[in-house]
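**Q**
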Ligand code: SF4
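In my numbering, the protein residues as written are 1 to 916.
1. Check the DSSP bridge columns for residue 669 and list the partner residues they point to.
2. Work out the CA separation of residue 307 and residue 907 for me, nearest whole Å.
3. Do you know offhand how far residue 96's Cα is from residue 641's?
4. Would you call the stretch 517-533 and the stretch 602-610 touching, i.e. three or more CB-CB distances under 8 Å?
5. Quick check on DSSP: helix, strand or coil for residue 865?
6. Using a Cβ-based criterion (distance less than 7 Å to any ligand heavy atom), does residue 255 qualify as near the ligand HEM?
7. Is any heavy atom in the ligand SF4 found nearer than 7 Å to the beta carbon of residue 189?
8. Just to confirm the assignment, what range does the alpha helix (DSSP H) spanning residue 383 have?
9. Buried or exposed for residue 89, please, with buried defined as at least 16 other CB atoms from any protein chain shown within 10 angstroms of its CB.
10. Taking the DSSP output, what are the residues bridged to residue 874?
11. For the ligand SF4, is there a heavy atom less than 7 Å away from the beta-carbon of residue 114?
12. Is any non-hydrogen atom of the ligand SF4 found closer than 7 Å to the C-beta of residue 117, if you look at the structure I gave you?
13. According to DSSP, what are the bridge partners of residue 72?
14. Determine the DSSP secondary structure at residue 695, reduced to helix, strand or coil.
15. Between residue 826 and the rest of its own chain, which residues show a CB-CB distance below 6 Å, the 5 nearest in sequence each way excluded?
16. So, residue 152 versus residue 701, is the Cβ gap smaller than 8 Å?
17. Contact between the stretch 429-440 and the stretch 186-201 is defined here as three or more beta-carbon pairs at a separation below 8 Å; is this criterion met?
18. If I measure Cβ to Cβ from residue 812 and keep anything under 8 Å in the same chain, skipping five residues before and after, which residues do I get?
19. In the structure shown, what three-state DSSP assignment does residue 16 receive?
20. Report the rounded CA-to-CA distance for residue 405 versus residue 20, giving the unit in angstroms.
21. At what residues does the beta strand (DSSP E) containing residue 857 begin and finish?
22. Quick one: using the 10 Å Cβ neighbour count with 16 as the cut-off for buried, is residue 915 buried or exposed?
23. Report whether the distance from the Cβ of residue 179 to the nearest heavy atom of the ligand SF4 is below 7 Å.
24. Assuming residue 921 and residue 850 form a contact by the criterion Cβ under 8 Å, report the distance between their Cβ atoms to the nearest whole angstrom.
25. Run through DSSP, which three-state label would residue 780 get?
26. Counting Cβ pairs, one atom from each stretch, are 3 or more of them under 8 Å apart for the stretch 326-334 and the stretch 640-655?
27. Under 8 Å between the Cβ atoms of residue 750 and residue 788?
28. Just mark residue 1 as buried or exposed, buried being the case when its beta carbon has 16 or more other beta carbons within 10 Å.
29. Among 107, 115, 116, 111, whose alpha-carbon lies nearest the alpha-carbon of residue 123?
30. Does the beta-carbon of residue 146, which I'm using as the reference point, lie nearer than 7 Å to any heavy atom of the ligand SF4?
31. I'd like the list of long-range same chain contacts for residue 400, defined as Cβ closer than 6 Å, with 5 residues on each side in sequence excluded.
32. Could you give the distance in angstroms between the alpha-carbon of residue 6 and the alpha-carbon of residue 558?
33. Determine the extent of the beta strand (DSSP E) in which residue 437 is found, giving its start and end residues.
34. For residue 478 versus residue 232, is the C-beta spacing smaller than 8 Å?
35. In the DSSP assignment, what residue or residues form a beta bridge with residue 100?
36. What is the rounded straight-line gap between the Cα of residue 783 and the Cα of residue 829?
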C-alpha cells in the first residue's frame, strides 16, 4: 500500500527529510519537482543520517553525500560511488496532487536459487532493491533455516555487473533488432543445413516455465533434439540409473525419510557443504535418535565423512566394486529379502556371476579398503530396519556413473529397503531445478513428462499436443557432444541461456575453442562478466532470482513457487519471455504457426501440467492458484488427489513393463584416465561450502570468500612433502589438456595419490580458464555425463621470480579482472569488508608497462591479507580456526564468539574440530 508521507512543499529543494515507511527509516530528497527515496541508514557509519546529506551532481549522476564519512550514493540506484559493491535500498517515490507518496517494503515468499534442497525464503524488498532474506518457517524443505549462501542471497544482487540491454557484437541494440537478427541467422542456418545445425544449451537454474518454452522451441518448432543443459554435468547418471532400475526418473524418497531412517548411507556427496540444510536435518535426526547410524562413502575425509560412524575412504571411481561386494556379502550371509526379491523384482539371477566375482577381498584390493569395512557396511545396510542412501556427484560424474547408481539401487532392492518410511535410494539434486528440467523433458535424450524419444506413440502424443507434424526421433547432442560438434562445425549455431559453459564444462580450453569457432552464438545471461559472454554475437539481458515468476522442483519432487519481489534491471526480461519472443519471430521466417503467445508464467505452467496427464508424474491437480493456497507440493498430484505423494513404490509396483524393479548387472569400468608415470595423481573436483557453480552470483559476496578465499589444490601431506611442496606453496598443476598454478593445501583429509580442487574457480578469479582446464570430457555410455571426478594430473613446484600482494577498493574489479591472465599465478578475492585482494606471481617479473598499470590501480602499497585468525570457519561472524582451537566445547565457543548461531552451516566443521 502506497504511503502519503508529506507535502512536496515541506521539503526544501536539494535537501532531504526522514520518514518512517513501514518499519524502515527512509530519506526522501527533493530535486526541483521530483522526489527520490533511499534507505536512511549510511552503511559505512551504520547511522541513520542520509536524509541530512548534501544532494548534488557527481559526474552527471544525482547523489547524496553522507554527512558522516562523505561517501556518495546515487539517488536513482542507491549504489555508492566510491564502492559499487555497497548500495542502500531505493524506494519507489512519486508526487501526486502535491503530496509525496512512497511504496513501503514488501515481503515475498520465494525459493532459494542455489542447490536442490529447495529452501523456502522470505524476501524483503523496498522499491527496486532486495534488502534482506530470511528462511521461510512454513516451507517444508527447510522450516526457516538457510545456509551461508541462502542467507546472503540479497547481497549477491550486484546491479553494476548486470546486463541491462541487448547487444549485437558489443553494440547496444533494441530487443527488436537483437531478436530479429538472431531469428534471421537461425532461420537461414536451419534452411541451409537442417534443424540439427543449431543447438540450445540451457540450465538447471532456469525455472520450469523457462525450460518448457525452450524445449518446445527446440523440439516442436525447430525440429531438433539438440537441446541439452548443465544438468548433464550434474544428474544425468541419476536419471539413467532410476530409469534402468526402477523404470522412470522419479526419486522415491522424501526429506522426512531422514528422521525415519535407522541407517543413512551418504555416497559421493559432501552433504555438509553441498546441501547444508539437509545435513543439519541429518544432524538433528542423529541427536534425536542415537540408533541412527551414518556411513559415508567418499575418498576424502570431508566434514561429512568425519561425522560418520563408518567412513569408507575408497579409491576414487571404485564405487561399483564396493557396492557389488556389499551385495555379495548380503547374499552370502543370508541377508537378502527373499520375499521382496520374489514379489517385486526381476533379474537377480543374472547377477550371480558378477556377485561371485566381486568377493569382498577382491573389492577391497580394487577399492583400497579394509575387507572388514566392506563387510561391516553390507551387514549394517541389510540389518537396518530402514536404510536410506543419499548420493550426488561422486556417483554421477563418472564414466561408470549410471552403474554406480544402479549398483546402489541393487542393494536397496535386494534387501527390500525401498518404498517404506526411512528406506530408499535418494539422489540429491545439485541444482535448484534440475528436476523441473527433467520433468519437461528439456534434454537431448528426453521428451516431455517422462515420455521417451524412442517411443513413436510418445512422440506422436507430443506432436499433437504442440500442433506440429512430428517431434524428431534421433537423440540430440548431449553437452560434451554439443561443444565437440560446434568445434567441428557439425553444429553451427548455439543459444546459451543461464549457464556459463566457458567455465563449467570439462576440458575448458576445448570448449572455449569451440565457442570461438561457432558461426553464431547467442548468450542469454544476467551478468555481463560471465566468461561465456565474451563469445556472444548477440547478448541478451535476462531477469534473475527475485525478479521473475515461476516454479522449481527440489530433490524430493516438491514443486515450489518462485516469485518476483523487484523488477528486473533496465530492459532485462524473464527467460521464458525471451525464448517465446524469439520463437514467434523464428516461426514467421520458417513458415510455421505454433502457440508461443504466452502472457504469463502461470499460462506456461498450466500447459506443462496438461502434458503430465496420466503420466507417472501427473500434476493435473496443481495450478498457480493451488500452490498459492496450499503451498509447495510433491508430485505426483493428479486431479482430485487432495495431496501429493511423499514416497513412491509403497505397493511394490514399479513403472516397468512387468511392474517389477530390475536388478542391473553393474560392470565395473575403470576411470577413463587412470594415473600413470607421467600424470601420477588422481584429481577429483567438488564444491566449496560457500560458493556456487561458476561464482557468477556468490563471487560478488565478500562474506562468502572468507571460508575458502583462493583456488588451491589439496594433497596428502606426505605427497606434498615428497613433491617438495610446503603447505601454501605455489604449484603448477598439469593434465593432458591444460595447466594452471594454484597454492597447495597439505591436508590429512586426502588419501595418498589423490588431489582435489574446487570446481568453482574460473578466469574471473585466477589466471587461465580455471579448474576445468584440467578435467576431461570422457562420458558415461548411458547418461553421457562427463567424468568431472577423475583426471590424471602432475603437480610440481612453481618457482616464482616475482610476487606481489595488493589490496584496494572493490570497484577496481572491472579493471583488474582482465589483468589476471597476464600472470602465471593470480588469485582475486574479497575481504570481509569488501576490500579487493589480489595476489600475483610470475616466473619472471612482468614488464614495466604492466607494473606501471598495477601501480596506477593500487598505488605501491603491498599488503598481506592473511589474518592472524587463520582460515575462517564461520563466515557469518568471521571466526577463524585459531580462535576456535582455544575452546573445548561448542556451547562455550558459541557463547563467546557466536559462531554457528546464525545460519549454522559451520556447525559440522565446528563439531569435528572440537571433537578432534
Ligand atoms: Fe539455498 Fe542453502 Fe537451502 Fe541449498 S541449502 S537451497 S543453497 S539455503
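Beta carbons: idealized from backbone N, C-alpha and C, even for Gly. Since we're looking at a predicted model, the values are computed, not measured.
**A** Quick look at the numbers:
1. As a first step, residue 669 is located in the chain shown; it is residue number 669 there, counting from the start. Bridge partners of residue 669: none, in fact.
2. Here residue 907 refers to the residue found at position 907 of the chain shown. Here residue 307 refers to the residue found at position 307 of the chain shown. Taken atom to atom, the span from the alpha-carbon of residue 907 to that of residue 307 is near 11 Å.
3. By 1-based counting over the chain shown, the position of residue 96 is 96. By 1-based counting over the chain shown, the position of residue 641 is 641. It is roughly 50 Å from the alpha-carbon of residue 96 to the alpha-carbon of residue 641.
4. Here the stretch 517-533 does not lie against the stretch 602-610, with fewer than 3 beta-carbon pairs under 8 Å apart.
5. Position 865 of the chain shown, counting from 1, holds the residue named residue 865. Note on residue 865: pLDDT 43, under 50, position unreliable in the model; the coordinate value appears next. Residue 865 carries a coil assignment under DSSP once its states are collapsed to helix, strand and coil.
6. With respect to small molecules bound, the structure shown includes the ligand SF4 and not the ligand HEM.
7. Along the chain shown, read from residue 1 onward, the residue named residue 189 stands at position 189. The answer is no for residue 189.
8. Numbered from its first residue, the chain shown carries residue 383 at position 383. Annotation: the continuous alpha helix (DSSP H) that includes residue 383 extends over 371-383.
9. As a working mapping, residue 89 is identified with position 89 in the chain shown. Under the 10 Å beta carbon count, residue 89 is surrounded by 16 or more other beta carbons and is classified as buried.
10. In the chain shown, the residue the question calls residue 874 occupies position 874. Beta bridge pairing from DSSP links residue 874 with 879.
11. Stepping through the chain shown from its first residue, residue 114 is reached at position 114. Residue 114 Cβ: within cutoff of the ligand SF4.
12. As a position in the chain shown, residue 117 is number 117, starting the count at 1. At least one heavy atom of the ligand SF4 is found less than 7 Å from the C-beta of residue 117.
13. Stepping through the chain shown from its first residue, residue 72 is reached at position 72. Partner residues in the beta bridge of residue 72, as assigned by DSSP, are 65.
14. What you label residue 695 is simply residue 695 of the chain shown in a count that begins at 1. Taken through DSSP and simplified to helix, strand or coil, residue 695 comes out as coil.
15. Numbered from its first residue, the chain shown carries residue 826 at position 826. The answer, listed in chain order, is 766, 767, 820, 840.
16. For the purposes of this step, residue 152 is taken as residue 152 along the chain shown, with counting starting at 1. For the purposes of this step, residue 701 is taken as residue 701 along the chain shown, with counting starting at 1. Yes, the pair counts as a contact, with Cβ atoms nearer than the cut-off.
17. These segments do not touch.
18. As a first step, residue 812 is located in the chain shown; it is residue number 812 there, counting from the start. Contacts found: 836, 857, 858.
19. Residue numbering aside, residue 16 sits at position 16 when the chain shown is read from its first letter. In the structure shown, residue 16 sits in a strand (DSSP, three-state: E or B).
20. The residue you call residue 405 lines up with position 405 of the chain shown. The residue you call residue 20 lines up with position 20 of the chain shown. Residue 405 and residue 20: Cα-Cα distance of roughly 57 Å.
21. For the purposes of this step, residue 857 is taken as residue 857 along the chain shown, with counting starting at 1. Note, residue 857: premise wrong, no beta strand (DSSP E); alpha helix (DSSP H) at 848-858.
22. On the chain shown, position 915 is the one that residue 915 refers to. Residue 915 is exposed by the Cβ-count criterion.
23. Here residue 179 is taken as the residue at index 179 of the chain shown, counted from 1. Relative to the ligand SF4, residue 179 has its C-beta separated by 7 Å or more from all heavy atoms.
24. Since the first residue shown for the chain is 1 and the last is 916, residue 921 is missing from the structure and cannot be characterised.
25. Residue numbering aside, residue 780 sits at position 780 when the chain shown is read from its first letter. In this structure, residue 780 counts as coil in the three-state DSSP scheme.
26. For the pair of segments examined, the stretch 326-334 was found not to touch the stretch 640-655: the number of CB pairs separated by less than 8 Å stays below three.
27. The residue labelled residue 750 in the question sits at position 750 within the chain shown. The residue labelled residue 788 in the question sits at position 788 within the chain shown. Not closer than 8 Å, so no.
28. Taking the first residue of the chain shown as 1, we reach residue 1 at position 1. The residue in question, residue 1, is exposed, as its Cβ has fewer than 16 Cβ neighbours within 10 Å.
29. Residue 123 sits at position 123 when you count from the first residue of the chain shown. Of 107, 115, 116, 111, the smallest CA-CA separation from residue 123 is found for 107.
30. The count along the chain shown starts at 1 and reaches residue 146 at position 146. Yes - the ligand SF4 has a heavy atom lying nearer than 7 Å to the Cβ of residue 146.
31. Taking the chain shown and counting its residues from 1, the one referred to as residue 400 is at position 400. These residues qualify, in order along the chain: 320, 669.
32. As a working mapping, residue 6 is identified with position 6 in the chain shown. As a working mapping, residue 558 is identified with position 558 in the chain shown. In a straight line, the C-alpha of residue 6 is about 46 Å away from that of residue 558.
33. What you label residue 437 is simply residue 437 of the chain shown in a count that begins at 1. Looking at the DSSP string, residue 437 is not in any beta strand (DSSP E); the run it does join, the alpha helix (DSSP H), is 434-439.
34. Here residue 478 refers to the residue found at position 478 when the chain shown is read from its first residue. Here residue 232 refers to the residue found at position 232 when the chain shown is read from its first residue. Closer than 8 Å, so yes.
35. Mapped onto the chain shown, residue 100 falls at position 100. Bridge partners of residue 100 according to DSSP: 6, 95.
36. In the chain shown, counting from the first residue as 1, residue 783 sits at position 783. In the chain shown, counting from the first residue as 1, residue 829 sits at position 829. So the two alpha carbons sit approximately 36 Å from each other.
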